[in-house]
């Protein structure tokens with residue numbers, strides 16, 4: 000009986016030990032499970048090129064997250080890191096390329112910009128007594144606004160000497176991965192070996208106790224937020240180097256990814272716990288998820304759902320870990336670090352063994368019977384691009400082509416990741432609708448190097464070779480829109496212009512067309528030009544505001560139908576009567592408004608035809624046949640008179 004009792008107790012202890020190891024290393028366990036599962040599901044996942052892609056794609060988020068780790072460990076929050084990253088990169092490019100500042104000094108200015116933004120955050124929080132959420136939310140807006148002001152809403156080419164940060168060493172090792180490793184070691188050293196690192200844990204554990212023990216809490220907070228700004232600046236430079244340009248809208252929303260990586264890595268938003276290795280694992284989990292979901296052709300909308308669920312599960316795991324009394328993830332003893340090293344070593348061995356076994360699932364698989372084409376769209380939150388997708392899918396189905404579609408959500412860096420995923424997975428051809436023509440260049444060059452034909456649709460790609468550009472002319476379309484509104488007003492009147500998202504190629508080109516078209520009509524006065532980001536709700540809000548200052552406006556030109564429809568809503572009964580509105584794109588909702596008379600006209604680009612022709616050209620190039628360098632799909636002004644016979 001005693002022996003049986005002892006055996007039972009020993010078994011229970013073993014189960015408890017395993018449970019504790021899993022709880023203490025929940026992020027690592029999740030990463031192993033993800034790698035094993037994706038290796039089994041996709042034969043393209045476990046390749047050297049793809050694994051290096053994952054490292055590159057995790058690099059910017061990881062560097063941002065290392066800085067955010069300092070803040071979260073001290074029970075704070077920093078929502079400004081994405082904007083600070085964009086601002087720092089913009090300062091570097093602006094000073095080096097437009098004002099002749101030596102590149103070394105420009106890099107110092109960029110880093111100083113990040114530190115200054117962090118110091119402002121720290122001052123507002125420590126001395127101004129603002130909640131961290133509010134102070135850093137304000138800096139998020141200020142940083143993004145300054146980036147747009149400095150760049151005037153347009154990307155700035157990055158200095159060649161700094162752009163090498165986006166290249167590879169020896170032709171295979173990506174520099175962003177090296178930067179991530181170095182910054183990770185710096186973060187680990189600061190957290191585990193320095194006075195300020197110990198101060199972070201003390202402040203996060205109990206700020207009042209830390210103050211009573213003699214710690215200068217306010218000065219420490221200044222230093223903590225300055226460090227976060229420093230890491231954000233480095234991340235911004237690395238990101239801009241990858242894109243070969245400083246994008247004023249770069250890293251938009253990355254602060255949420257950074258916070259998610261820290262929390263997934265085991266840190267608590269309540270403060271007092273967190274470590275650099277956990278943050279790195281959290282960033283890798285997000286990168287592996289996005290990469291794997293792309294390879295598995297999961298809808299971009301479902302990808303957001305999956306990542307949200309993962310973040311929620313990470314917080315739940317943290318709660319369970321605390322309730323179970325799992326070991327804290329703050330500074331550990333030498334013995335604890337030894338056990339941690341053994342755990343990581345065993346995890347690596349188990350992962351390699353299981354992944355090696357699953358690789359046999361794909362070892363004998365033959366090449367796909369159907370050609371594979373990747374379609375990288377700038378966004379699917381706009382009906383115009385949804386129609387491009389619909390036209391491409393219909394043509395792919397007719398031709399027996401396997402089409403994988405990705406949505407960059409108007410994020411140039413996310414699109415670069417998606418293009419890299421296409422290249423590493425070995426698709427037969429790529430169709431890309433660039434978020435920005437300059438930023439897409441490096442990823443398209445990588446596809447060219449891999450002998451994958453690339454077709455650009457709607458917008459061209461700069462500094463890279465594409466087999467064809469299938470597009471309507473945005474500048475010519477803008478001119479048509481301007482001439483249409485001027486003609487309707489008899490060459491005289493006051494109008495406003497609703498511009499697209501600052502920094503995007505389409506917004507710049509259409510605005511250029513509007514300006515060129517209006518030069519022939521000196522009697523037309525543009526009383527206001529404001530961006531509404533291609534969004535219907537923002538179009539409504541901006542137009543409502545402009546009407547307060549300009550109630551006598553007689554015409555509106557919008558850079559897309561969505562903004563035009565928002566303006567129509569703001570105008571109410573005036574739309575189509577005392578105020579004429581011209582949109583752009585010829586979307587189904589836009590054409591309905593034209594038919595109803597509330598929208599005077601839309602410059603229609605026939606987006607479904609763009610998608611169809613792009614797939615046709617991709618297949619032609621894939622077969623080795625020659626394609627036209629530029630394939631123009633004519634734009635057409637659709638009014639109430641001809642809308643019935645128009646098919647987009």
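Numbering (the numbering used here), first residue to last: 0 to 647. Backbone N, C-alpha and C fix where the C-beta goes; we use that ideal spot for every residue, glycine too. All values derive from a computational prediction rather than experimental measurement.
Point to revise | Beta-carbon proximity check, residue 708 vs residue 175, cutoff 8 Å | key: As displayed, the chain neither begins before 0 nor continues past 647, which places residue 708 out of reach and without an answer.
- prompt: According to DSSP, what are the bridge partners of residue 373?
  reply: In the DSSP output, where bridge partners are listed per residue, residue 373 has 403, 429.
Please report the distance separating the alpha-carbon of residue 547 from that of residue 527.
The straight-line gap from Cα to Cα measures roughly 12 Å.
Quiz item: So what does DSSP say about residue 601, is it helix, strand or coil?
Solution: Three-state DSSP puts residue 601 in a strand.
Notebook entry, point to check: Which one of 459, 427, 429, 416 has the shortest CA to CA distance from residue 436?
Noted result: Here the closest residue by C-alpha is 459.
| said: Quick check: the segment 414 to 433 against the segment 35 to 46, are at least 3 beta-carbon pairs closer than 8 Å? | reply: The answer is yes - the segment 414 to 433 touches the segment 35 to 46, with three or more Cβ pairs under 8 Å.
Margin query: In whole angstroms, give me the CA-to-CA distance for residue 520 and residue 488.
Written below: Straight-line Cα distance between these residues: approximately 11 Å.
Residue burial classification, residue 4 (beta-carbon count within 10 angstroms, cutoff 16)
Bear in mind that the predicted position of residue 4 carries a pLDDT of just 44, short of 50, making it too unreliable to give a figure here.
- prompt: On the premise that residue 602 lies in contact with residue 517, defined as a C-beta separation below 8 Å, what is that separation, rounded to the nearest angstrom?
  reply: The beta carbons of residue 517 and residue 602 sit about 14 Å from each other, so the pair does not count as a contact at 8 Å.
Report task. Just the C-alpha distance for residue 168 and residue 587, rounded to the nearest angstrom, thanks. Result -> The straight-line gap from Cα to Cα measures roughly 49 Å.
### Query
Based on Cα-Cα distance, which residue from 442, 476, 481, 207 lies nearest to residue 465?
The shortest Cα separation from residue 465 among 442, 476, 481, 207 belongs to 442.
- Mapping DSSP to helix, strand and coil, what is residue 468? In the structure shown, residue 468 sits in a strand (DSSP, three-state: E or B).
Using alpha carbons as the reference points, say which of 457, 404, 636, 64 lies closest to residue 252. Its Cα nearest to that of residue 252, the residue 64 stands out among 457, 404, 636, 64.
At what residue ranges does the segment 17 to 58 contain a whole run of the alpha helix (DSSP H), taking only runs of 4 or more?
-> Correct list: 25 to 40.
Beta-carbon spacing of residue 286, residue 53 below 8 Å:
Yes. Within cutoff.
| said: Quick check: residue 247 and residue 147, are their CB atoms within less than 8 Å of each other? | reply: It is a contact, given that the beta carbons lie within the stated cut-off.
I'd like to know if the segment 589 to 597 and the segment 557 to 574 are in contact, where contact means that at least 3 CB-CB pairs between them fall below 8 Å. Yes, the segment 589 to 597 touches the segment 557 to 574.
Practice prompt. Assign residue 274 to buried or exposed, taking buried as 16 or more other Cβ atoms, counted over all protein chains shown, within 10 Å of its Cβ.
Written response: By the Cβ neighbour-count rule, residue 274 is buried, with 16 or more other Cβ atoms within 10 Å of its own.
Q.
Among the candidates 616, 640, 636, 623, whose CA atom is the shortest distance from the CA of residue 629?
A. Closest in alpha carbon position to residue 629, among 616, 640, 636, 623, is 616.
- Given a cut-off of 8 Å, decide if residue 250 and residue 678 are closer than it, judged by their beta-carbon atoms. In the structure as shown, the chain begins at 0 and stops at 647. Residue 678 is therefore absent and cannot be evaluated.
Please determine, among 92, 60, 97, 219, the residue with the shortest C-alpha to C-alpha distance to residue 72. Ranking the options by Cα distance to residue 72, first place goes to 219.
### Task
Assign residue 244 to one of three DSSP states: helix, strand, or coil.
Residue 244: strand per DSSP, three-state reduction.
Within 10 angstroms of its Cβ, does residue 215 collect 16 or more other Cβ (buried), or is it exposed?
Classification for residue 215: exposed.
Just list the beta strand (DSSP E) runs in the segment 86 to 155, keeping only unbroken ones of 3 residues or longer that don't cross its boundaries, in chain order.
-> Within the segment 86 to 155, no run of beta strand (DSSP E) reaches 3 residues while sitting entirely inside it.
query: Where does residue 194 land, buried or exposed, given buried means 16+ other C-beta within 10 angstroms?
result: Around the C-beta of residue 194, fewer than 16 other C-beta atoms lie within 10 Å, and the residue is accordingly described as exposed.
task: State the Cα-Cα distance for the pair residue 202 and residue 221, rounded to the nearest angstrom.
output: Rounded to whole angstroms, the separation of the alpha carbons of residue 221 and residue 202 is 13 Å.
Does DSSP put residue 579 in a helix, in a strand, or in coil?
For residue 579, the three-state secondary structure derived from DSSP is strand.
Q. Count the other CB atoms within 10 Å of the CB of residue 642; is the residue buried (16 or more) or exposed (fewer)?
A. Classification for residue 642: buried.
- Which term fits residue 382, buried or exposed, when burial requires 16 or more other beta carbons within 10 angstroms of its beta carbon? So residue 382 ends up on the buried side.
Margin query: One question on the structure: do residue 86 and residue 116 come within less than 8 Å of each other, judged by their Cβ atoms?
Written below: Less than 8 Å separates the beta-carbon of residue 86 from that of residue 116.
**Study point:** Start-to-end residues for the beta strand (DSSP E) that takes in residue 530
**Key:** Per DSSP, residue 530 belongs to the beta strand (DSSP E) from 523 to 530.
| query | What's the call for residue 301, buried or exposed, on a 16-neighbour Cβ count within 10 Å? | reply | With a 10 Å radius around the Cβ and a threshold of 16 neighbouring Cβ atoms, residue 301 comes out exposed.
Check your understanding: How is residue 72 classed by DSSP in three states: helix, strand or coil?
Key -> DSSP places residue 72 in helix when its eight states are reduced to three.
query: What is the rounded straight-line gap between the Cα of residue 68 and the Cα of residue 279?
result: Straight through space, the alpha carbons of residue 279 and residue 68 are spaced by roughly 10 Å.
**Study point:** Close-in-space but distant-in-sequence residues of the same chain around residue 93 (CB under 8 Å, 5 per side omitted)
**Key:** Excluding positions up to five away in sequence, the list reads 149, 150, 155, 245.
By the DSSP assignment, the alpha helix (DSSP H) with residue 484 in it spans what residues? Membership of residue 484 in the alpha helix (DSSP H) is indicated by the continuous run 473 to 487.
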